[in-house]
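Residue numbering for the sequence shown follows our numbering, beginning at 343 and increasing consecutively.
Glycine residues also receive a C-beta, built at the ideal position from the N, C-alpha and C atoms.
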Amino acid sequence: MMDVAVLSSGGKDSSYAVWWAIMKGWNVRLIITLRVTSEDSMMYQLEGTSMAGLQAAAGNIPWLPILQQEEDGTDSLEQALLPFVAGSSWPRSNTWSRQNKAAARWPEDWPWPEIERATPNRPIQGIVSGALRSDYQRTRIDCMAERLGIHSFSPLWHMPAEKHMQNLIEAGFDVRFSAVAAEGLDEEWLGKQLNEEILEKLILLNKTNGLNIDGEGGEFETSVLAAPWFRPLTWTIENHWKRQSGRIKIIHAAIK
343 MMDVAVLSSG GKDSSYAVWW AIMKGWNVRL IITLRVTSED SMMYQLEGTS
393 MAGLQAAAGN IPWLPILQQE EDGTDSLEQA LLPFVAGSSW PRSNTWSRQN
443 KAAARWPEDW PWPEIERATP NRPIQGIVSG ALRSDYQRTR IDCMAERLGI
493 HSFSPLWHMP AEKHMQNLIE AGFDVRFSAV AAEGLDEEWL GKQLNEEILE
543 KLILLNKTNG LNIDGEGGEF ETSVLAAPWF RPLTWTIENH WKRQSGRIKI
593 IHAAIK
């Protein structure tokens, strides 16, 4: 059995990547969330990355949040992974101290779930990501994995967009639209659940406006409230809309 880490933002692609690794029979040792604190990032979603920690808690998988002030490749991620590749006896505890919680920047109004803190007591052999078609993202991760001497897996790479979205629906993923920024996607899309009807609308917008059905062109971002590998989550949100785009603010989120 291969021990792997999964890079997750809490969105649809990385959530599916966790499920893929589990279905392979692998041991998902930890979920890693890179939280870039600058205003924008080409590699990692900024909105709702705490949802990845909540998913980890709901799936009984250890979590490793990594804060990075600016996007500068995968340097912070690589440094954080080093002890998990080589194996280490530190940190020994899988519980979170008050300092650990503060460093993770957990939202103040969210209850702290029983998240197991990731510890590098046994080496991993691979890293899994939800990269779809971003050469920038995949190349960075592949090169980092090569330097670390571990395998890199991108199970969704170049998967047809309609098939990917259909797979999410059929597998029971509760995918919600957390941000939209494209013609044809108005404020009513915020917080909506991906289903057959919504997928048909995305397919139509692809034909009329050229919208990417899976949002890979930046048309939308997602959060996941339920999946085959974790207990359902609940949230309270409010919409923030400006001109032709908007995003949700997650006021409260918890495991059901």
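Exposed unless 16 or more other CB atoms sit within 10 angstroms - verdict on W454 | exposed
What separation, rounded to the nearest whole angstrom, lies between the Cα atoms of A444 and E504?
-> 40 Å
Buried versus exposed, by CB contacts within 10 Å (16 or more), E561 = buried
Residue burial classification, W583 (beta-carbon count within 10 angstroms, cutoff 16) | exposed
Considering only residues of the same chain and omitting the five flanking positions on each side of S565, which have a CB-CB separation below 7 Å?
-> G352, G353, G390, M393, R518, S520
Own chain residues within Cβ distance below 6 Å of R573, not counting five before or after | A400, I597
Among A363, L567, L546, P404, nearest to P462 - alpha-carbon criterion = P404
Measure the beta-carbon distance from M599 to Q467 and round it to whole angstroms, keeping in mind my assumption that it falls under 8 Å.
-> This structure cannot settle anything about residue 599, because the visible part of the chain is limited to 343 through 598.
With N442 as the anchor, note down where its alpha helix (DSSP H) starts and where it stops.
-> 440 to 446
Among L474, W362, P407, the one whose alpha carbon lies nearest that of G557 | L474
For G407, which of helix, strand or coil comes out of DSSP?
-> A quick correction: the sequence has Pro, not Gly, at residue 407. If DSSP states are grouped into helix, strand and coil, P407 belongs with the strands.
Which residue comes first and which comes last in the alpha helix (DSSP H) that contains N601?
-> Outside the shown range of the chain (343 to 598) lies residue 601, about which nothing can therefore be said.
Excluding the 5 residues preceding and the 5 following V370 in the sequence, name in chain order all residues of the same chain whose CB lies nearer than 7 Å to its CB.
-> V346, V348, V360, A363, I364, I403
In chain order, what residues of the same chain have a beta carbon less than 8 Å from the beta carbon of Q508, not counting five sequence neighbours either side?
-> L541
Can you give me the start and stop residues for the beta strand (DSSP E) that W583 sits inside?
-> 575 to 584
Would you mind stating whether A487 and S494 have Cβ atoms separated by less than 8 Å?
-> yes
Exposed or buried, which one is E450 when buried takes at least 16 other CB atoms within 10 Å?
-> exposed
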